[in-house]
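The structure under discussion appears below in the form of structure tokens.
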């Protein structure tokens with residue numbers, strides 16, 4: 199494969215002292231020869247993130263301030279400054295296979311005749327010796343948990359509606375615009391929706407491999423998914439096109455058990471629906487926990503049973519909060 203296309207790497211960071219060193223090392227170890235710059239957009243970190251980055255004595259690395267402290271603003275600033283033909287977005291919570299960039303460039307070039315402008319690949323999740331961290335990994339891998347999206351399916355190859363991170367032809371941002379800075383989450387879904395709407399395509403290749411480090415505590419993963427739910431709720435108000443059925447399942451489940459739980463004693467049909475909803479949910483929950491237990495150890499089953507339920511309830515509550523928060527703010531304007 200030729201190295202004719204120049205590549206700009208963009209890494210948004212904020213307080214990433216635990217991950218940034220290994221992340222940058224994996225980028226520095228890429229086999230692709232024409233990476234011309236690594237732009238690290240720092241949201242004014244208060245930990246040792248910057249000092250760790252400065253240890254890398256490489257002229258390609260530039261640290262830039264992200265005064266707005268939101269990811270979409272960091273990405274936009276990086277894209278505006280990028281000089282490469284291709285922009286590769288990188289997450290600091292991950293490590294990247296040595297051929298990651300070369301596979302991105304190769305896939306973009308190979309599928310150029312099919313109007314593919316954004317490519318990505320599956321994320322392999324990093325396990326550890328921690329019981330809780332491994333439970334969180336299994337939560338991400340499970341289709342019943344967080345693993346519905348195609349980028350969590352290691353063997354999937356084909357056209358998709360979104361990819362994790364993404365590698366883009368630089369010119370596509372001039373055609374469809376940059377990331378929406380009014381979105382503190384789901385900015386990638388919004389951008390990819392505009393790409394598809396403009397008649398271009400997005401592709402996932404199983405050869406574009408990265409290794410993601412999930413949140414390290416139950417509190418952090420629950421908080422993350424509450425915020426993800428809020429972002430989807432807000433999108434129902436101002437950007438419905440990016441919302442998929444999979445995003446609404448936790449909301450539907452939560453509303454079902456709440457509404458028919460409240461009317462449980464009033465209507466016979468409410469009793470039937472409530473029992474069926476909870477019964478079928480917990481049956482699937484138990485089955486998924488058994489599957490994880492058989493593969494990884496029975497000790498994980500109790501925690502996974504609780505985690506699945508917490509995840510879905512919190513995501514559903516987040517969706518409601520995000521919906522009414524944005525609706526209320528819109529009506530005030």
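In this note's numbering, the protein residues as written are 199 to 531. We treat Cβ as the ideally placed atom computed from N, Cα and C, and that holds for glycine.
Where do the N-terminal and C-terminal ends of the alpha helix (DSSP H) with residue i fall, by residue?
| i | result |
| --- | --- |
| residue 472 | 466-494 |
| residue 390 | 385-395 |
| residue 309 | It is not in any alpha helix (DSSP H) - residue 309 carries neither H nor E in the DSSP assignment. |
| residue 370 | 370-374 |
| residue 224 | 218-226 |
| residue 459 | 443-460 |
| residue 336 | 329-339 |
| residue 233 | It is not in any alpha helix (DSSP H) - residue 233 instead sits in the beta strand (DSSP E) that spans 233-240. |
Excluding the five sequence neighbours on either side, which residues of its own chain have a C-beta within less than 7 Å of the C-beta of residue i, listed in chain order?
| i | result |
| --- | --- |
| residue 175 | The structure shown has nothing for residue 175, since the chain only spans 199 to 531. |
| residue 305 | 317, 401, 403 and 406 |
| residue 437 | 388 |
| residue 525 | 435 |
| residue 333 | 498, 501, 502 and 505 |
| residue 377 | 270, 273, 274, 385 and 389 |
| residue 224 | 293 and 294 |
In three-state DSSP terms, what is residue i?
| i | result |
| --- | --- |
| residue 323 | strand |
| residue 414 | coil |
| residue 267 | coil |
| residue 398 | coil |
| residue 377 | coil |
| residue 407 | coil |
| residue 202 | coil |
| residue 344 | coil |
| residue 254 | coil |
| residue 350 | helix |
| residue 211 | strand |
| residue 463 | coil |
Spatial neighbours of residue i within its chain, please: CB distance less than 8 Å, with the 5 preceding and 5 following residues excluded, ordered by chain position.
| i | result |
| --- | --- |
| residue 237 | 206, 207, 208, 209, 260, 262, 276, 279 and 280 |
| residue 475 | 451, 454, 455 and 458 |
| residue 522 | 431 |
| residue 368 | 206, 277, 280, 282, 283, 284 and 285 |
| residue 420 | 508, 509 and 512 |
Distance check for residue j and residue i, CA to CA, integer angstroms please.
| i | j | result |
| --- | --- | --- |
| residue 355 | residue 407 | 12 Å |
| residue 199 | residue 254 | Note on residue 199: pLDDT 47, under 50, position unreliable in the model; the coordinate value appears next. Going by the C-alpha atoms only, they are around 28 Å apart. |
| residue 217 | residue 380 | 27 Å |
| residue 249 | residue 228 | 23 Å |
| residue 517 | residue 489 | 29 Å |
| residue 473 | residue 343 | 22 Å |
| residue 397 | residue 358 | 13 Å |
| residue 307 | residue 366 | 11 Å |
| residue 502 | residue 487 | 6 Å |
| residue 491 | residue 410 | 22 Å |
| residue 463 | residue 471 | 12 Å |
| residue 370 | residue 395 | 13 Å |
| residue 282 | residue 482 | 47 Å |
| residue 215 | residue 519 | 31 Å |
| residue 479 | residue 449 | 14 Å |
| residue 511 | residue 337 | 14 Å |
| residue 203 | residue 232 | 7 Å |
| residue 418 | residue 444 | 22 Å |
Might you give, ordered along the chain, the residues of its own chain that have their beta carbon closer than 6 Å to the beta carbon of residue i, omitting 5 neighbours on each side?
| i | result |
| --- | --- |
| residue 241 | 212, 264 and 267 |
| residue 243 | 212 and 213 |
| residue 269 | 210 |
| residue 313 | 398 and 399 |
| residue 245 | 213 and 215 |
| residue 324 | 409 and 411 |
| residue 558 | This structure cannot speak to residue 558, because the chain is shown only from 199 to 531. |
| residue 322 | 409 |
Identify the continuous beta strand (DSSP E) that holds residue i and give its terminal residues.
| i | result |
| --- | --- |
| residue 366 | 365-367 |
| residue 294 | 292-294 |
| residue 287 | 284-287 |
| residue 317 | 314-318 |
| residue 554 | Nothing can be reported for residue 554: it is not among the residues displayed for the chain, which extend from 199 to 531. |
If we count the other Cβ atoms within 10 Å of its Cβ and call it buried at 16 or more, is residue i buried or exposed?
| i | result |
| --- | --- |
| residue 383 | buried |
| residue 514 | buried |
| residue 320 | buried |
| residue 348 | buried |
| residue 328 | exposed |
| residue 372 | exposed |
| residue 428 | buried |
| residue 147 | Residue 147 lies beyond the stretch modelled for the chain, which goes from 199 to 531, so this question has no answer here. |
| residue 361 | buried |
| residue 289 | buried |
| residue 467 | exposed |
| residue 465 | exposed |
| residue 331 | buried |
| residue 393 | buried |
| residue 477 | exposed |
| residue 364 | buried |
Say whether chain C places a C-beta atom closer than 9 Å to the C-beta of residue i.
| i | result |
| --- | --- |
| residue 525 | This model lacks chain C altogether; it includes just one protein chain. |
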